[in-house]
Amino acid sequence: MPPFDVPEGDPFGAHNLPYGVFSPSGSQERRVGVRLGDHVLDAGAAAVALGSPYAPLLAQPTLNALLAAGRTAWSDVRRALTAWVTVPAHRATLEPLFHPLSEVTLHLPFEVADYVDFYASENHARNVGRIFRPDAEDSLTPNWKHLPIGYHGRSGTVVVSGTRVLRPSGQRKGPGDPVPVFGPSARLDIEAEVGFVVGVPTELGRPVPLRDFREHVFGLCLLNDWSARDIQAWEYVPLGPFLGKSFATSVAAWITPLEALEAARVAPPRRTHPLLPYLDDSAPDIEPGGYDLRISVAINGHVVAEPPFSTMYWTAAQQLAQMTVNGASLRTGDLYGSGTVSGPTERERGSLLELTWNGRDPLDLPDGKRTFLEDGDVVTFSAWAPGEGGVRVGLGEVTGRVAASA
Ligand code: CA
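Here it is in structure tokens:
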């Protein structure tokens, strides 16, 4: 019987146990929850009921206390949760603390501190280069193979999956416009990404070496870096993305701990350029930094792309090393996006910019052709990773509906 007896092969079985924050039906109170199948366990209440020493980390309105507790605590809590949902002796105590997912409200699971977004897919970077700099000798910029390129984004507009996304207005100037015009973006796009959540902070002045990645990063989630291409194209030179990105960034309601993804770890693509020591992940004692996540991008329920995260050139460990190498400190709740995930084939591209080649080749959807997003469109990213013994590890979906400009 549910909630304990999750069907065999369920990607949200006891091998997964992602964390989120929910309010039960009829309540405003926020509680840390752990997903099992199509239910959520009130983890704080469970810890209290079972007399667990981890109650102070779990009986919380956000994941921040757990994030800050560090890797040993993350492992201990996960081990305890696994026992709670699998040992029959706990069933009677815990059964009333499970809520059907369909009856709860899910919230942003942690207080987002700083938000950084990278540009780590070579296929994506080359596609963008070919679209916007068709005459350039190389589709990559000269720095691309030497450092993970990124920019600092706006943490206050990171929203949880399900939050509607208002079409942004802004200034743009197309090639045919003699002067800039103002109005709702006509080229609203998506970027299929994976977000990494920092748990353990650092002191100012202390870079994080590659091998310390898992001492600081707690887990990951799907992320949609909504992008207004027309606003972006006019504003980005020379300082980079600004209002074309900052209106909304959606993240999944469920954070998958890195420990649930051990079987999905893979080596990143072969490095084509020598790397400076702080980014060099070729040493045998550095753990493989890639993750085999199979992402699916759907518009109004129709799958338009399946970007493979395993093709990302720069790893999350290299990105963390890059963003701290100047001494910039980390805070609990820092979030960094991988950059758009695009594989080598047309069906593997993680943005409409690439899927339609900047609007030249519209997508044929059951409800009509698309170049960029229309009001009312619902975009959903889902993903899974290979787990132990062939079972899939599901990632929480990230979805959002586009609403007309305010
Ligand atoms: Ca991005």
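At position 377 of the sequence shown (counting the first as 1) the number is 430 in my numbering, and the numbers step up by one without a gap. Each residue gets a CB set at the ideal place from its N, CA and C atoms; glycine is no exception.
How many whole angstroms separate the CB atoms of residue i and residue j, which I take to be in contact at a CB cut-off of 8 angstroms?
| i | j | result |
| --- | --- | --- |
| V247 | L276 | 6 angstroms |
| G261 | T377 | One detail in the question is off: residue 261 reads as Val in this sequence, not Gly. V261 to T377, Cβ: 5 angstroms. Contact. |
| N14 | G396 | Past the boundaries of the shown model lies residue 14; the chain is included only from 54 to 459, so the question cannot be answered. |
| R400 | E450 | Rounded, the Cβ-Cβ distance is 19 angstroms, inconsistent with contact. |
| L408 | V357 | 6 angstroms |
| A96 | L120 | No, A96 and L120 are not in contact; Cβ-Cβ is about 14 angstroms, not under 8 angstroms. |
| A306 | T433 | With 8 angstroms as the limit, A306 and T433 do not qualify as a contact, their Cβ atoms being about 13 angstroms apart. |
| V319 | S363 | 5 angstroms |
| N384 | A122 | Correcting the residue type first, residue 384 is Arg in the shown sequence and not Asn. Rounded, the Cβ-Cβ distance is 15 angstroms, inconsistent with contact. |
| P322 | Y289 | About 27 angstroms separates the two Cβ atoms, so there is no contact after all. |
| H269 | G297 | Wrong, their Cβ atoms sit about 30 angstroms apart, outside the cutoff. |
| R144 | F249 | The pair is not a contact, with the Cβ atoms about 35 angstroms apart (cut-off 8 angstroms). |
Is it buried or exposed, residue i, if we count other Cβ atoms within 10 angstroms and call 16 or more buried?
| i | result |
| --- | --- |
| N196 | exposed |
| S214 | buried |
| E148 | exposed |
| L257 | exposed |
| K422 | exposed |
| G79 | exposed |
| R259 | exposed |
| V304 | buried |
| N180 | buried |
| S128 | exposed |
| R413 | exposed |
| G104 | exposed |
| P327 | exposed |
| D417 | exposed |
| R88 | buried |
| P341 | exposed |
Is residue i helix, strand or coil when you go by DSSP?
| i | result |
| --- | --- |
| Y366 | coil |
| G403 | coil |
| Y331 | helix |
| W437 | strand |
| G248 | strand |
| I202 | coil |
| G453 | strand |
| V181 | helix |
| H68 | coil |
| P162 | coil |
| F93 | It is worth fixing the name first, because residue 93 is Val in this sequence and not Phe. Three-state DSSP puts V93 in a strand. |
| H143 | helix |
| G227 | coil |
| I284 | helix |
| V253 | coil |
| V261 | coil |
| R218 | One point to set straight first is that residue 218 is Val, not Arg, in the sequence displayed. Reduced to three states, the DSSP call for V218 is strand. |
| T302 | strand |
| L314 | helix |
| P114 | coil |
| T309 | strand |
| A122 | helix |
| S76 | strand |
Quick one: residues in its chain with C-beta nearer than 7 angstroms to the C-beta of residue i, no 5 flanking neighbours on either side, listed in chain order?
| i | result |
| --- | --- |
| L116 | Y72, V74, V85, P162, F163, I308 |
| W410 | I184 |
| A316 | P439, G440, E441 |
| R189 | In the sequence under discussion, the amino acid at residue 189 is Ala, which differs from the Arg named in the question. Closer than 7 angstroms at the Cβ level, and outside the excluded window around A189, lie G182. |
| P294 | Y204, Q285 |
| N158 | One point to set straight first is that residue 158 is Thr, not Asn, in the sequence displayed. The residues are F75, S76. |
Please return the same chain residues whose Cβ sits closer than 8 angstroms to the Cβ of residue i, not counting the five positions on each side in sequence.
| i | result |
| --- | --- |
| D191 | G182 |
| W437 | P64, L346, R347, R445, V446, G447, L448 |
| R217 | G453, R454, V455, A456 |
| T255 | V261, H269, T377, S382, L383 |
So, for residue i: in the same chain, excluding its five sequence neighbours on each side, which residues have a beta-carbon less than 6 angstroms away from its beta-carbon?
| i | result |
| --- | --- |
| V130 | Y107 |
| F266 | A370, L373 |
| R225 | D283, I284, W287 |
| P114 | R83 |
| P221 | S238, A281, F300 |
| S458 | R220, S222, P237 |
| A245 | I348, V350, P360, V394, G403, F434 |
Taking 7 angstroms as the line, does the beta carbon of residue i fall inside it for any heavy atom of ligand 2?
| i | result |
| --- | --- |
| T194 | This structure simply doesn't include ligand 2; it includes ligand 1 instead. |
Compare the C-beta of residue i against all C-beta atoms of chain B and say whether one is closer than 8 angstroms.
| i | result |
| --- | --- |
| P162 | No chain B is part of this structure, which consists of one protein chain only. |
Do the stretch 125-141 and the stretch 54-74 make contact, defined as three or more Cβ pairs closer than 8 angstroms?
Yes, they touch.
Give a yes or no on contact between the stretch 370-385 and the stretch 206-219, applying the rule of three or more CB pairs nearer than 8 angstroms.
Under the three-pair Cβ rule at 8 angstroms, the stretch 370-385 does not count as touching the stretch 206-219.
The stretch 135-151 in contact with the stretch 279-286 per 3-pair CB rule at 8 angstroms
Verdict: no, contact absent.
Taking 8 angstroms as the threshold, find out whether the stretch 90-97 comes into contact with the stretch 148-157 through three or more Cβ pairs.
Verdict: yes, contact present.
With three or more C-beta pairs closer than 8 angstroms as the rule, is the stretch 316-335 touching the stretch 229-243?
The answer is no - the stretch 316-335 does not touch the stretch 229-243, with fewer than three Cβ pairs under 8 angstroms.
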